[in-house]
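Those protein sequences? They're chains A and B, same order as listed. For the first sequence, the tail end lands on 658 under our numbering, and the numbers increase by one without skipping. For the second sequence, the tail end lands on 791 under our numbering, and the numbers increase by one without skipping. Contents: one structure, followed by commentary.
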Amino acid sequence: MVEVNLTINGIAVKANSNMTILVAAHKAGINIPTLCFERNLNNIAACRVCVVEVEGADQLVAACNNLVQEGMVVRTNSPKVRRARKLNVELLLSQHDVQCTNCVRGANCELRKLATDLNITDIRFKKELTHDEWNQDFPLIRDSAKCIKCLRCVQVCENVQATGVWDLKNRATRSTVGVIGGRAIDNSLCAVCGQCITHCPTAALRERDDTDLVLAALADPDKVCIVQIAPSVRTAWGEPLGLTHEQASVKRLVAALRRLGFDYIFDTDFTADLTIMEEGSEFLERLSHREDYSWPMFTSCCPGWVRYIKGHYPEMVDRLSTAKSPQGMFGAVAKSYYASIAGIDPKKIFSLSIMPCLAKKQEAAIPALSDAGAGQDVDAVLTVRELGRLLRSEFLDAANLPEEDFDKPLGIGSGAGEIFGVTGGVMEAALRSAYYLATGTNCDPDAFAAVRGPEGVREATFDLAGTKLKVAITNGLANAKKLIEAVKRGEAEYDFVEIMACPSGCVGGGGQPISEDATIREQRTKILYGLDAKNNIRFSHENPSILACYDDYMIAPLSEKAHHLLHTDHHSWQMPGEASS
Amino acid sequence: MSVSLSEVKPRLSVYEKSDAQQTIESIYDQLNRRLTVSSLASCPVEFSAAFVNLCAAQSCGKCTPCRVGLRQLYNLLNDVLDGKAQLATLDLIQELAEDIFYSSDCAIGYESAAMALKALRGFRDDYEHHVLHRTCGMSEISPVPCRAGCPAEVDIPGYLALIAVGRYDDAIALVRKDNPLAIVCGLVCEHPCEMYCRRGKVDDPINIRGLKRFAADHMQGGMSFTNDCESCQALEATSRIAELTDDTLEPTSDNKIAQGTSSQDFLAPKQADFTGKRVAVIGGGPAGLTAAYYLSLMGHDPIIYEQRAQLGGMLRYGIPSYRLPRKELDREIDYLLGFGAKAKCNVSVGSDITLDELRASYDAIFIAIGAHADKKLNIDGEDAKGVYSAVQLLRAMGDDELPDYSGKRVVVVGGGNVAMDVARTALRLHASNVTIVYRRRVVDMTAQQEEIHAAVAEGCNLLDLRAPVRIESDASGQVKTLVVQPQIIGEVVGGRASQRAVAAGEERIDADIVMVAIGQDTDSAAFGDYGLPLRRNMLVSGADTAIDGFKGIFTGGECVTGPATVIRAVSAGKAAAVSIDRYLGFKHSIKLDIDIPDALFKARMYCARSNTEELDLRDLPSEFAQVELGLLPEEAVQEARRCLRCDHFGLGALRGGRYTQW
C-alpha cells in the first residue's frame with residue numbers, strides 16, 4: 078500500500094493505493110451517488126450510477142470497485158457523467174413498478190431518493206415489468222417488478238447469513254434474482270431473518286403486512302386485545318415516525334398502543350426473564366448430567382437461528398435449549414396464566430406481538446408451538462416497520478404523547494430482560510441468574526459485561542462456584558456457521574453458546590426500520606444497555622412478576638406445567654427437506 | 130427538356146461498395162469475432178431467439194415462411210423466455226420451424242429454421258425448464274470465461290496478473306494448484322481457454338499458453354534452471370498465503386510464508402498429514418502424474434506403475450522433443466514426484482503384475498493407461514517391411530532410439546497432429562522427402578492449423594484428397610509404393626465433409642517408408658479380461674472416474690475418452706484424486722491462496738496479440754532442438770496486461786471470480 082496523489086473535481090487528493098475512487102472522494106468530502114453499492118457487502122459495480130470520468134479514458138469508470146491510481150484526474154459531475162448516471166437510473170425505472178404513492182418504502186426508498194436527486198422527471202423508455210409468482214402467505218415477499226438487480230440480497234444472504242437462498246436467475250437481459258435452484262421460497266432453507274429486506278434499496282423485498290388483521294381485532298368488541306413489545310422494538314419504533322431516540326421512549330410507545338385501542342400492553346421483557354429461569358435451569362440440569370448431553374447447549378430464543386440449525390445441521394438440533402422463544406412463552410402464558418388470573422376466556426384473547434423480526438411471524442404460525450389450547454398462542458406478529466405504518470395511519474402526535482406505564486403483571490421486566498435484544502444479552506442475563514442459582518448470592522449486575530460487543534464471535538470463560546464455564550456468543554449466521562464448524566472439527570469446545578441470526582442481534586433485526594445510517598445498530602444497542610442500567614431490577618430471578626407466576630401457576634422452572642407451556646420439542650415441526658422424527 | 134448528366138443513372142457503373150455496405154461488413158466482421166468468442170453457459174433459448182431475430186433481419190421479405198414465420202418464431206421463443214408459454218407452445222415452435230425449413234424458397238429461410246430445430250432438439254430440457262419453472266435451467270453461470278473453458282479450471286486471470294508484475298514463481302504455483310503440468314502445458318496445451326477469452330471480442334484473445342510458457346521459462350524456484358534474463362531478475366516476488374486444509378477456515382496472516390528462490394521454498398499447496406493409504410496409479414502419463422501429485426499432496430501414498438522405461442506417457446512417447454524438450458518434461462516430473470509419489474517403470478500391469486495382486490495390496494487403483502495402441506489401415510500390403518505406425522516411431526524416439534531415414538522417401542498417412550509430428554520427425558531423421566497423404570482436404574484435417582503450417586514450412590509435401598488403396602512391395606518384402614485413389618469432396622455428414630472416389634485412375638507414390646498415423650487405440654485387453662466394462666476398447670467410468678461395480682477402481686484420461694489432449698487428462702487426474710480421497714474416507718482439499726495484484730482500470734485500448742514464433746528448421750542448433758521461441762519479456766508484459774481481468778470486471782465481481790481451493 079502506497080500513498081497516491083490524484084485530482085478529483087480539481088481538488089488535490091491524497092489516498093492509499095488500496096482505496097477505491099469512491100472512498101477517496103468521500104474522504105475528500107466529495108459525494109458520489111451510488112445505488113447497488115453497500116460498504117463491506119456489495120461493490121459489484123452493477124448499477125453504473127457511481128460512474129465517474131477519468132481523464133484519458135474514453136469510457137466512464139465505476140467509482141465503487143476501481144482503485145485510485147497515481148496521477149488520476151477524476152471528474153464526478155462532468156456532463157458525460159451526469160448524462161450516464163441519469164440515463165442508467167431512467168433505465169432501471171423503466172423496469173421498476175413505480176408505485177411510490179402506495180409503496181411500503183415510501184420516502185425511505187433509495188431508488189426514489191436517487192431519482193429525485195437526479196431530477197428525473199420523465200422516463201423515455203418503454204415500461205417493461207416482470208411478475209414472478211410468489212406465495213403471498215409467506216412472511217417474506219418478493220415483488221420482481223420492483224427489483225433493480227443490485228444483488229445485495231444475494232450477497233447478504235450468502236456472505237453474512239451463510240444461507241444462500243437467493244441466486245441469479247435467468248440469463249442475459251432477463252437476468253434477475255430468484256430463490257436458488259428455482260425453488261419456491263416456502264420450500265427453501267430461508268431462515269426468514271429478513272436481512273435481505275433491510276438491505277434492499279427498494280420494496281422488492283418486504284414483510285407480509287399483517288396490520289389489517291390487527292385493526293380487525295381491535296375493532297371487534299368481543300376481543301380482548303393484548304400486545305407484547307420485544308426488547309429491541311423500544312430502540313427503533315420512533316424512527317419511521319421521525320422521532321428522536323429521546324422522544325421515542327418506551328413509555329410513549331405504551332401510550333401510543335393504548336391510543337390504538339389495545340386493552341393490555343405488556344412487555345416481552347417479562348418472558349425474557351422467564352426464559353432465563355427456564356433456560357438457565359435447563360442448563361444447570363444438563364450440566365449436572367453432563368454425559369447425557371451433546372455440548373454445547375445452544376440458545377433457542379431466536380427463531381431465525383432455530384430455522385438455520387434445523388435446516389443446515391439437523392444432527393445438532395438436540396443441543397438447542399428446549400425453551401421456547403420469549404415471544405412463544407408470552408403467547409402461552411397470556412392465554413393460560415394471565416387468562417386465569419384476569420378471568421378472561423382465553424379464546425377471546427387476541428394476542429399481538431411486535432417484533433424486530435420476520436422469523437417470529439413464521440414461528441407464531443407453527444401449530445406445534447401453540448400449547449395454550451386457544452388457537453394460536455400468538456395471533457399476529459407485526460414488525461417494527463408495520464408498527465410504524467399502523468401508528469402513522471392513526472395520525473397520532475406521537476412526540477407529544479404522555480409517558481405511560483405497561484400493564485401489570487406481564488408488563489414488568491428486568492434489565493436482564495431488556496438486553497435480550499442485543500447480541501450477548503441473553504448470555505449476560507443467563508450468567509447473572511446462573512451465578513445466583515449456583516452461589517445463592519447476587520453478583521455485581523455488570524460482572525459479566527465481558528460478553529458485550531459487536532464482534533462476530535466472542536468467547537469468555539467464567540468460574541461459577543468452582544465450575545469453569547466456557548461460553549461463546551455469535552451474531553450473524555455466517556459467524557454461527559464458523560462456530561459450528563469449529564465445534565464439529567473439535568477445535569472449539571463450549572458449554573453454552575448464544576446465537577442470534579441477525580448482525581448485532583435483534584437491534585439489527587430484519588424487521589427493524591430500514592436505515593442508511595451505518596451506526597444505527599450501535600445507537601440502538603446503546604439504548605438497551607442504558608435501559609438495563611437504569612432498571613431497578615437487574616436480575617431475572619428478582620422480577621416480582623416472575624416469582625408470582627411461579628408461585629401462582631407454574632410452580633417451578635422445568636415443572637410439568639412449565640414443560641407443557643414454556644418448552645417445545647424442536648422435532649415437532651420440520652424445515653423443508655428435514656426428516657420428521 | 131434537358132436533363133443534366135448527373136441525374137441520369139448510368140447504364141452500367143463500376144462496382145463500388147457504398148459506405149453503408151462497408152459499415153455493415155465491418156459490423157459483420159466484429160460480430161463474427163464476437164461469436165467466435167464462445168460464451169459459456171448462456172441461455173440456449175435466449176440465444177436461439179436472438180439468432181432467429183438476426184436471421185429474420187437477413188430475410189429478403191419475399192416468402193411467407195421466412196418473412197412472417199421467422200418473426201413469429203421469435204415471438205414464440207420470447208413467450209418461452211417471458212414465462213408465458215405452455216408445453217403446447219413448444220409443439221407450435223417445432224411445427225413452425227419445420228414449416229420454415231420445408232417451405233422456404235432459399236437458404237436464408239431454411240437454414241435459419243434448421244438451426245432453430247437443432248437448438249430445439251439439443252436443448253429440449255432447457256426449453257421445458259423455462260416453460261415449467263419460468264426460469265432458465267442451465268447450471269451455474271461461469272463468471273470467468275477462460276477459467277470456465279479450461280478443463281482444469283486454472284485461475285488464468287490470476288496468473289496473468291502475476292506475470293504482468295514479474296512474479297513468475299507465484300504464477301506457476303497458481304497454475305499448479307489446478308494443473309500440475311504447468312511447464313508441459315506452457316509448451317503444448319491446445320489452450321481451449323483462448324477460445325473463450327473475452328479479449329477476443331476487442332481484438333485478439335490473449336496468448337495464454339505463450340504466457341504460461343514465459344513464466345515457466347523464467348521462474349526461479351521449483352527446480353527451474355538458472356534464469357539469466359536480467360530484466361526478469363529485476364522484478365521481485367512478494368508474499369503469499371499457502372495451505373492445504375481439510376476445511377474452509379479463512380487463512381490468517383499467520384499462514385503467510387515468505388518465499389525464497391530455492392526449490393525447497395517453491396510455493397505449493399500445503400501437504401496434508403500422511404494417511405498411509407496406498408494408491409496404485411497405472412500409467413505414468415499426464416492423467417496418472419496429475420492424480421499421483423494431488424494424492425501425495427492429500428497425504429496419501431501413490432505408486433505409479435509405468436509400462437515403459439520412463440514416465441510421461443504420451444508426453445514422452447507421443448509428443449516429439451522439438452515441441453516438448455525432454456529437459457523440460459523431466460524437470461516437471463521431478464517436481465511432481467518431489468511430494469512423495471513413487472514410480473515403478475518397466476512394469477506392465479496384466480503381464481508383470483495382475484490387477485488382482487494390485488487390489489490386494491493397495492487401498493485404491495487409478496487406471497490411466499492412455500491410448501497407445503495403433504490403428505491399422507486394413508489394406509493389402511500393410512504388413513510389408515518399412516510400414517510403421519506413428520506410435521512405433523514416436524515411442525522409439527521417446528527412449529532416444531533414433532532411426533536413420535537418410536535418403537529415404539517417407540509417406541505419412543493421416544491428417545491429425547500425430548501425422549504432422551511424425552512427418553516433421555522424419556525430416557529431422559534426414560528423410561530425403563516427406564509426403565503427407567490425406568483422404569479429405571487440407572481444411573478438413575484435424576491437426577491444428579499451426580501444426581500443418583509448420584510441417585509445410587519445414588518442407589513436408591501435402592497430398593490431400595488421396596485415399597490409400599494398397600501397399601506394394603518388392604521381392605524382398607520391402608515397401609515400394611503406396612497406391613492411392615484420388616477423391617472428390619462431397620456431402621457433409623454430421624458436420625464433416627466426406628469424400629468419395631473420383632472417376633480417375635489410381636496414383637502411385639513411391640516410398641521407402643510408410644508411416645500410418647490414423648489414430649490410436651487403447652490396449653485394454655488385460656482390464657477387459659478382468660471384467661472391467663469396455664466400450665470400443667475404451668474403459669467406461671462415471672464423471673467421477675469411478676468404475677461401476679468395482680469398488681476402489683477408478684479410471685480416466687485417454688483410455689476412457691480416446692485420443693484427446695493433455696489438459697483433459699489433467700482434468701481426469703484431478704477428478705480421480707478427489708474421488709479416491711473421498712473413497713478412502715477423507716475430505717482433503719487443495720488450497721493455495723496467492724495474493725493477486727489488484728485489477729486496475731485501464732482505458733479501452735486496441736493492442737494486437739503477440740504470437741510465439743517458430744524457428745526455421747535450418748536455423749536450429751540441432752534437429753531436435755526446441756522449435757518454438759518464447760515471448761520476449763517486453764512482449765510478455767504487454768500481453769499479460771492485455772488481460773481484461775474478468776475476475777474483477779463483469780460477473781467476476783459478484784463472487785470474487787477466484788476459487789482458492791478445490
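Each residue gets a CB set at the ideal place from its N, CA and C atoms; glycine is no exception.
The C-beta of B/Gly-212 comes closer than 9 Å to at least one C-beta of chain A. Between B/Pro-431 and B/Ala-397, the C-beta spacing is not below 9 Å. For A/Cys-302, the enclosing beta strand (DSSP E) covers residues 301-306.
B/Thr-564 sits close to B/Leu-592, with the two beta carbons spaced by under 9 Å. Judged by their CB atoms, B/Val-476 and B/Tyr-434 are nearer to each other than the 9 Å cut-off. Annotation: the continuous alpha helix (DSSP H) that includes B/Thr-152 extends over 148-165. A/Tyr-370 is classed as exposed because its beta carbon has fewer than 16 other beta carbons within 10 Å across all chains shown. Sequence-ordered contacts of the segment 130-157 of chain A with chain B read Val-131, Gly-133, Ala-134, Asp-135, Gln-136, Val-138, Asn-142, Asn-143, Leu-144, Gln-146 [C-beta pairs closer than 8 Å].
Annotation: A/Ile-443 to A/Thr-279 spans about 30 Å, alpha carbon to alpha carbon. Per DSSP, the continuous beta strand (DSSP E) segment holding A/Lys-246 begins and ends at 243-246. Inter-residue distance for A/Phe-497 and A/His-647 is about 21 Å (C-alpha atoms, whole angstroms). Look at A/Lys-204: its C-beta is not under 9 Å from any C-beta on chain B. 9 Å or more divides the Cβ of A/Ser-413 from the Cβ of A/Tyr-627. Any Cβ of chain B closer than 9 Å to the Cβ of A/Arg-285 would place that residue at the interface, and such an atom is absent.
Using a Cβ-Cβ cut-off of 7 Å, B/Leu-783 is close to Ile-121, Leu-228 of chain A, given in chain order. Where B/Pro-597 is concerned, there is no enclosing alpha helix (DSSP H), although the beta strand (DSSP E) around it starts and stops at 595-602.
In summary, A/Met-78 is exposed, with fewer than 16 beta-carbon neighbours lying within 10 Å of its beta-carbon over all protein chains present. Taking the C-beta atoms as reference points, A/Val-574 is found nearer than 9 Å to A/Pro-373. Positions of the alpha helix (DSSP H) runs, each at least 4 residues long and wholly inside the segment 411-461 of chain A, are given as 416-419, 436-441 in order along the chain. Its chain contains Ala-239 as the residues whose beta carbon lies nearer than 7 Å to that of A/Lys-558, once the 5 sequence neighbours on both sides are disregarded; these appear in chain order. In this structure, B/Thr-610 keeps its C-beta atom at 9 Å or more from the C-beta atom of B/Ile-617. Taking 9 Å as the CB threshold, A/Lys-223 stays off the interface with chain B.
Look at A/Ala-280: its C-beta is not under 9 Å from any C-beta on chain B. When secondary structure is reduced to three states using DSSP, B/Thr-674 falls in the coil class, being assigned neither helix nor strand. Not a single CB atom of chain A sits nearer than 9 Å to the CB of B/Phe-180. For the 9 Å CB-CB criterion, A/Lys-438 and A/Val-458 form a contact. Counting other Cβ atoms within 10 Å of its Cβ, B/Tyr-491 reaches 16 or more and is therefore classed as buried.
At least one C-beta of chain B is nearer than 9 Å to the C-beta of A/Thr-207.
Only buried fits A/Phe-539, as 16 or more other CB atoms lie within 10 angstroms of its CB. With fewer than 16 other CB atoms across the displayed protein chains lying within 10 angstroms of its CB, B/Gly-657 is exposed. In the structure shown, B/Gln-578 adopts helical secondary structure according to DSSP, grouped into three states. Counting only Cβ-Cβ distances below 9 Å, B/Glu-175 has contacts in chain A at Asn-247, Arg-248, Ala-249, Thr-250, Arg-251, in chain order. Partner residues in a beta bridge of A/Asn-612, as assigned by DSSP, do not exist.
A straight-line Cα-Cα distance of about 9 Å links A/Cys-224 and A/Leu-169. By the neighbour-count criterion, in which 16 or more other beta carbons inside 10 Å mark a residue as buried, A/Cys-234 falls on the buried side. Proximity of A/Gln-232 to chain B, defined by a Cβ-Cβ separation below 9 Å, is satisfied.
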